[in-house]
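According to this note's numbering, the sequence shown is numbered sequentially starting from 15.
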Amino acid sequence: MPAERTVQISGSTVIVRPNAEAASRVAADSIAEIVESAVKARGKAVLGLATGATPEVVYANLAARHRAGGLSFQKVVTYNLDEYYPIQPIDPLSYRSYMHRHLFSRVDLPANQAHVLDGTVPEAFVREHTAEFDRWIEADGGLDLQLLGIGRNGHIGFNEPAEWSVAEAVAAPTRLVELHPVTRADAVREFGDAAKVIPRALTMGVKQILSARAIVMLATGPRKASIVAQALRGPVTTAVPASLLQTVADRVVWILDEPAAAELGS
Ligand code: F6R
Numbered sequence: 015m016p017a018e019r020t021v022q023i024s025g026s027t028v029i030v031r032p033n034a035e036a037a038s039r040v041a042a043d044s045i046a047e048i049v050e051s052a053v054k055a056r057g058k059a060v061l062g063l064a065t066g067a068t069p070e071v072v073y074a075n076l077a078a079r080h081r082a083g084g085l086s087f088q089k090v091v092t093y094n095l096d097e098y099y100p101i102q103p104i105d106p107l108s109y110r111s112y113m114h115r116h117l118f119s120r121v122d123l124p125a126n127q128a129h130v131l132d133g134t135v136p137e138a139f140v141r142e143h144t145a146e147f148d149r150w151i152e153a154d155g156g157l158d159l160q161l162l163g164i165g166r167n168g169h170i171g172f173n174e175p176a177e178w179s180v181a182e183a184v185a186a187p188t189r190l191v192e193l194h195p196v197t198r199a200d201a202v203r204e205f206g207d208a209a210k211v212i213p214r215a216l217t218m219g220v221k222q223i224l225s226a227r228a229i230v231m232l233a234t235g236p237r238k239a240s241i242v243a244q245a246l247r248g249p250v251t252t253a254v255p256a257s258l259l260q261t262v263a264d265r266v267v268w269i270l271d272e273p274a275a276a277e278l279g280s
């Protein structure tokens, strides 16, 4: 199979590149294009952003474009997918810190246009906070683009595999969730020790994710090959939350490196 290819699978466009670097460049290109076209069309661009290991190169790429003078974030509004709960924003393990390190401090995004769910909200006010987050996105006209990564268990944001119906899952709002054992195991990489992993998080709901006008899913590395194949080729099931993307397939672009595409077949 050619190392560079674009195919249609279950109604979505799937772009495959030989390595993570090249796949990340394609993702950065689509983000830059959407920023430019949305700013031109309606004066601002609203981006949903992801954290984790996968998008680090994408953010480095966007920051480089900004430094080179071609890409401005002055008219960009961002909403992050998730945040541990509870956590202080200045904690180096918070997703607020991650975004600061990888993107916010490196581009000209006005601080009051960057939204990350607040891991310090007292539990009694969490529902109000998460409902407000959804209202802010709607008041901003919805997401022009949602960037996603995929968990080894198929999670998107921290919408974890769960025993509920597809109808319930696709209507799920932003909310407080318990992290799945696979997600907690993978988080040991960041926290250094299983006992230190924060077991809960605030996550954007599937409803907001699926409402984005464009969805870019970036997955790289051999550890993602099996779940990518299940999400793209398998049935739509809440056991694999990323398979819910098939319900809005024509708005979704999967960008994969060759190792992550390895189990897709031809
Ligand atoms: C992060 C997020 C998660 C990650 C996923 C993949 O904001 O919402 O769904 O995208 O866990 O993480 P990495 O890229 O570290 O493999």
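All C-beta atoms, glycine included, are put in the ideal place defined by N, C-alpha and C. Source: prediction; values computed, not measured.
- request: Would you mind sorting ARG115 into buried or exposed? The rule is 16 or more other CB atoms within 10 Å of its CB.
  value: exposed
- request: For ARG265, count neighbouring C-beta atoms within 10 Å of its own C-beta (all shown protein chains included) and say buried if the count is 16 or more, exposed if not.
  value: buried
- prompt: If you drop the 5 nearest sequence neighbours on each side, which residues of the same chain put their C-beta closer than 8 Å to that of THR261?
  reply: VAL180, VAL184, LEU224 and VAL250
- prompt: Going by the C-beta, is ASP200 closer than 8 Å to any heavy atom of ligand 1?
  reply: yes
- prompt: With which residues is ASP271 paired in a DSSP beta bridge?
  reply: ARG31
task: State the DSSP-derived secondary structure class of ASN75, mapped to helix, strand or coil.
output: helix
message: On the CB-based measure, 16 or more other CB atoms within 10 Å of its CB, does ASN173 come out buried or exposed?
response: buried
message: Is PHE172 near ligand 1 - that is, is its Cβ less than 8 Å away from at least one heavy atom of it?
response: yes
- request: Starting from the Cα of ALA239, find the closest Cα among ASP271, ALA263 and LYS221 and give me that residue.
  value: ASP271
- request: Measure the Cβ-Cβ separation of ALA263 and VAL220 and say whether it is below 9 Å.
  value: no
message: Can you tell me whether GLU137 is helix, strand or coil according to DSSP?
response: helix
query: Short check: CB of PRO255 to CB of GLY168, under 9 Å?
result: yes
message: Against chain B, with Cβ distances strictly below 9 Å, would HIS80 count as a contact?
response: As a matter of chain content, chain B is missing from the structure shown, which is built from one protein chain.
query: Which same chain residues, not among the five before or five after ARG214, have their C-beta less than 7 Å away from its C-beta?
result: TYR99, LEU190, VAL191, GLU192 and LEU193
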